[in-house]
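> Can you keep this structure in mind? I'll have questions shortly.
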Amino acid sequence: MIGKLGCWCGLLLWVVACGLLVGCGSAEERKASYVEKANVFIQEGNFPKARVALRNAIKIDPKDPHLYFLAGQVFEKEANWPQAFRQFSRVVELDATHREAIGRLARFYLAAQESTELMALSHKILTTDSEDVLGRTIQACAWFLDGEHAKALAQADVLVARQPTEPDLLLMLAVIFSANQDLKKAQAVLQRGLSIHPENGDLLNYLATISIGMKDYHQAEGIYRQLLAQEPHVVKYRETLAGLYRHLGQSDKAMALLREGVTLEPENEQRWKSLILSAEGDQQEALIQEALGALPDSLMLRFLLGAHYEQRQNYAKAREIYEAIATEEETSGQGLQAEVELAKLDLVEQDQASAQTRIAAVLKENPRQSDALLLKGKLSLVKQEPASAVDAFRIVLKDEPNNSAIQSLLGQAHLLAGEFELARESLEKAVSVNARQVDAYTALARLSAR
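Printed below as a string of structure tokens:
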């Protein structure tokens, strides 16, 4: 009997083990299938579907760094920088040696002028290998941001001489040289990178930026045309080229280019938005109505129409649109956004009490609704309530730490509260992020005159 029982137990364990193995294999197969689908969608330029496929793959294997890296790349193509940053951060959490993700993170920190974060990132790499080219490049970026220009440039020259090949690394070196106004050296670094990676979108995009800085608009146009040929579904390239045409006074070419994008993807809201915002006056309203004819359920387009009426000071029509959205969407994200827009209209029409009621209702549903918090903070400044303003602006800054306008508002709130050192810290952060933040300079001047 015992022998038979042992035999049955052994058989049962074998069946369970086989089931587990089959389950694992099945999960791996499903994950691979989703990744394959995501790659196809990326090639087709269908980034929303690519995101969904990757989200499903991540549900199966939330510890696979490659999945988050792919997701980060998709968000980059959509110019959704906060989400891209989060994905690359997650990659490095899961795999601290993932060089491509480290390079991407470093570029984000460089763009945000976060020298402390750059130095910490470089330290992690250089602790393992003091001569690592990526680590030393990130270190040079941190030095440059901290004002140690000679030291940073000397290191950058040494690194270029080592003929690195990683695109993110080459891009950061080009940024250092261009920040030092040495556009020719930056151009040479990028061109060398493109000799190795001829279709790298990031290198091409920055080379176009350098070309504009050198007033070589013909070359810049050619590069953007190449980017559009390579990735016709990436909206940011088309928008940037359209911006160049407008800068050159060629608005007809800009509109034609954006209209071409709409023809390519008539169901893409972002393409319609780019075309609409490029137009003026009555043409803009006509385009919004045309877009709504193609996409009647688009809330984004309805918000655009409301904003258009606000600009034309037709507040009654704007209010009608926002009220309809608020009624339909109730407490969803879009419904709350409509309530915020109505609160702004209340303020325009001098109805502060109604605006405050709406803001309070929105924040009750979502205490981190950034537009409502921003409006609350501004109202608190007007009402001479600095503590409330400080609280509101600080919450917003948790999600947007490098927003110079909000940093400036926080500084002004501290100033109103008599917290002069905190005010100085916020205002100096504002001007370090954006040298054109005039209100921050004005507030700093007042602070210095005390």
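Going by this note's numbering, the first residue of the sequence shown is number 1, and it counts up by one from there.
Beta carbons are placed, not taken as given, at the ideal position from N, Cα and C, and that holds for glycine.
(1) If you draw a straight line from the alpha carbon of Leu-467 to that of Leu-67, how long is it in whole angstroms?
(2) Can you say whether Met-172 is buried or exposed, counting buried as having 16 or more other CB atoms within 10 angstroms of its CB?
(3) As an exercise, report each continuous alpha helix (DSSP H) stretch of at least 4 residues that is fully enclosed by the segment 177-214, in chain order.
(4) Is the segment 373-393 close to the segment 404-423, with three or more CB pairs under 8 Å?
(5) Which of the three DSSP states, helix, strand or coil, is assigned to Gly-333?
(6) Ignore the nearest five residues each way along the sequence and tell me which others in Val-91's own chain have a CB closer than 6 Å to its CB.
(7) Just to confirm the assignment: which complete alpha helix (DSSP H) runs, minimum length 4, are found wholly within the segment 124-154?
(8) By a C-beta neighbour count over all protein chains shown, 10 Å radius and 16 as the cutoff for buried, is Arg-238 buried or exposed?
(9) Let me check understanding here. Comparing Cα to Cα, which of Glu-425, Ala-150, Arg-192 lies closest to Glu-166?
(10) Count the other C-beta atoms from every protein chain shown that fall within 10 angstroms of the C-beta of Glu-349, then say buried if there are 16 or more, exposed otherwise.
(11) Write down the C-beta distance between Leu-118 and Leu-126 rounded to the nearest angstrom, noting that I regard them as a contact closer than 8 Å.
(12) Compute the distance between the beta-carbons of Arg-358 and Glu-339, then report whether it is under 8 Å.
(13) Counting Cβ pairs, one atom from each stretch, are 3 or more of them under 8 Å apart for the segment 299-306 and the segment 329-346?
(14) By Cβ distance below 7 Å, which residues in the same chain neighbour Ile-223 in space, the five residues on each side in sequence not counted?
(15) In angstroms, rounded to a whole number, what distance separates the CA positions of Glu-421 and Val-390?
(16) Along the chain, where does the alpha helix (DSSP H) that runs through His-508 open and close?
(17) So, are the CB atoms of Val-133 and Leu-159 less than 8 Å apart?
(18) Is the CB-CB distance between Leu-258 and Ser-274 below 8 Å?
(19) As an exercise, report each continuous beta strand (DSSP E) stretch of at least 3 residues that is fully enclosed by the segment 344-384, in chain order.
(20) For the alpha helix (DSSP H) that contains Asp-399, what are its first and last residues?
(21) Do Leu-190 and Leu-169 have their C-beta atoms closer together than 8 Å?
(22) Can you list, in chain order, the residues of its chain with a C-beta nearer than 6 Å to that of Val-74? Leave out the 5 residues immediately preceding and following it.
(23) By Cβ distance, which residues of its chain are closer than 7 Å to Leu-264, with the 5 residues on each side in sequence left out?
(24) Excluding the 5 residues flanking Leu-94 on each side, which residues of the same chain have their C-beta closer than 8 Å to its C-beta?
(25) Distance check for Glu-425 and Leu-183, CA to CA, integer angstroms please.
(26) Taking the C-alpha atoms as reference points, what is the distance between Lys-59 and Asn-80?
(27) For Ala-112, collect the residues of the same chain with a Cβ closer than 6 Å to its Cβ; drop the 5 residues on either side in sequence, then sort them by chain order.
(28) If the criterion is Cβ atoms closer than 8 Å, does the pair Val-235 and Gly-201 meet it?
(29) In terms of alpha-carbon separation, which member of Leu-409, Ala-387, Pro-386 lies closest to Leu-397?
(30) For Thr-442, report the span of its alpha helix (DSSP H) as first-last.
(31) CB Tyr-441 to CB Val-431, shorter than 8 Å?
(32) For Ala-449, count neighbouring Cβ atoms within 10 angstroms of its own Cβ and tell me buried if that reaches 16, exposed if not.
(33) Measuring alpha carbon to alpha carbon, tell me which residue in Gly-281, Ala-291, Gln-284, Gln-250 is nearest Gln-270.
(34) Pick helix, strand or coil for Leu-342, following the three-state DSSP scheme.
(35) Which two residues bound the contiguous alpha helix (DSSP H) that contains Leu-275?
The structure says:
(1) Past the boundaries of the shown model lies residue 467; the chain is included only from 1 to 450, so the question cannot be answered.
(2) The residue given as residue 172 occupies position 172 in the sequence shown. Buried.
(3) Taken in chain order, the unbroken stretches of alpha helix (DSSP H) that lie wholly in the segment 177-214 and span 4 residues or more are 183-196, 201-213.
(4) yes
(5) In the sequence shown, the residue the question calls residue 333 occupies position 333. The answer is helix: DSSP assigns Gly-333 an H, G or I state.
(6) Taking the first residue of the sequence shown as position 1, residue 91 is located at position 91. Cβ neighbours of Val-91 beyond the five flanking positions: Pro-65, Tyr-68, Phe-69, His-98, Ala-101.
(7) 133-145
(8) Here residue 238 refers to the residue found at position 238 of the sequence shown. It is buried - the Cβ of Arg-238 has at least 16 other Cβ atoms within 10 Å.
(9) Start at 1 with the first residue of the sequence shown, and residue 166 comes out as number 166. Closest option to Glu-166, Cα to Cα, is Arg-192.
(10) In the sequence shown, residue 349 corresponds to position 349, counting from 1. Exposed, by the Cβ-count rule.
(11) Residue numbering aside, residue 118 sits at position 118 when the sequence shown is read from its first letter. Residue numbering aside, residue 126 sits at position 126 when the sequence shown is read from its first letter. The pair is not a contact, with the Cβ atoms about 12 Å apart (cut-off 8 Å).
(12) The residue you call residue 358 lines up with position 358 of the sequence shown. The residue you call residue 339 lines up with position 339 of the sequence shown. Yes. Within cutoff.
(13) yes
(14) The residue you call residue 223 lines up with position 223 of the sequence shown. Apart from sequence neighbours up to five positions away, the residues of its chain that approach Ile-223 with a beta-carbon distance below 7 Å are Leu-204, Leu-207, Ala-208, Ser-211, ordered along the chain.
(15) Position 421 of the sequence shown, counting from 1, holds the residue named residue 421. Position 390 of the sequence shown, counting from 1, holds the residue named residue 390. Each residue's alpha carbon lies about 14 Å from the other.
(16) Since the displayed the chain opens at 1 and closes at 450, residue 508 lies outside it and no answer follows.
(17) Here residue 133 is taken as the residue at index 133 of the sequence shown, counted from 1. Here residue 159 is taken as the residue at index 159 of the sequence shown, counted from 1. Cβ atoms of Val-133 and Leu-159: closer than 8 Å.
(18) The residue you call residue 258 lines up with position 258 of the sequence shown. The residue you call residue 274 lines up with position 274 of the sequence shown. Contact flag set, yes.
(19) none
(20) Counting from 1 along the sequence shown, the entry for residue 399 is found at position 399. First-last of the alpha helix (DSSP H) with Asp-399: 386-399.
(21) By 1-based counting over the sequence shown, the position of residue 190 is 190. By 1-based counting over the sequence shown, the position of residue 169 is 169. Result no, Cβ atoms of Leu-190 and Leu-169 do not sit closer than 8 Å.
(22) The residue given as residue 74 occupies position 74 in the sequence shown. Only Phe-47, Ala-50, Arg-51 meet the Cβ criterion.
(23) In the sequence shown, counting from the first residue as 1, residue 264 sits at position 264. Result list for Leu-264: Pro-232, in chain order.
(24) In the sequence shown, residue 94 corresponds to position 94, counting from 1. Counting only Cβ-Cβ distances below 8 Å, and skipping sequence neighbours, we find Lys-63, Asp-64, Pro-65, Tyr-68.
(25) In the sequence shown, residue 183 corresponds to position 183, counting from 1. In the sequence shown, residue 425 corresponds to position 425, counting from 1. Using only the alpha carbons, I get a separation of about 33 Å.
(26) Counting from 1 along the sequence shown, the entry for residue 59 is found at position 59. Counting from 1 along the sequence shown, the entry for residue 80 is found at position 80. Roughly 21 Å separates the two Cα atoms.
(27) Residue mapping note: residue 112 aligns to position 112 of the sequence shown, counting from 1. Counting only Cβ-Cβ distances below 6 Å, and skipping sequence neighbours, we find Asn-402.
(28) Position 235 of the sequence shown, counting from 1, holds the residue named residue 235. Position 201 of the sequence shown, counting from 1, holds the residue named residue 201. The Cβ atoms of Val-235 and Gly-201 lie no closer than 8 Å to each other.
(29) Walking along the sequence shown from the start, residue 397 turns up at place 397. Selected option, being the one with the closest Cα: Leu-409.
(30) One-based indexing of the sequence shown puts residue 442 at position 442. Residues 438-448.
(31) Residue mapping note: residue 441 aligns to position 441 of the sequence shown, counting from 1. Residue mapping note: residue 431 aligns to position 431 of the sequence shown, counting from 1. In contact: Tyr-441 and Val-431 (Cβ atoms closer than 8 Å).
(32) Residue mapping note: residue 449 aligns to position 449 of the sequence shown, counting from 1. It counts as exposed.
(33) Working through the sequence shown from its first residue, we reach residue 270 at position 270. When each option's Cα is compared against that of Gln-270, the closest is Ala-291.
(34) By one-based count along the sequence shown, residue 342 stands at place 342. Assignment of Leu-342 by DSSP, reduced to helix, strand and coil, places it in the helix class.
(35) By one-based count along the sequence shown, residue 275 stands at place 275. Residues 269-278.
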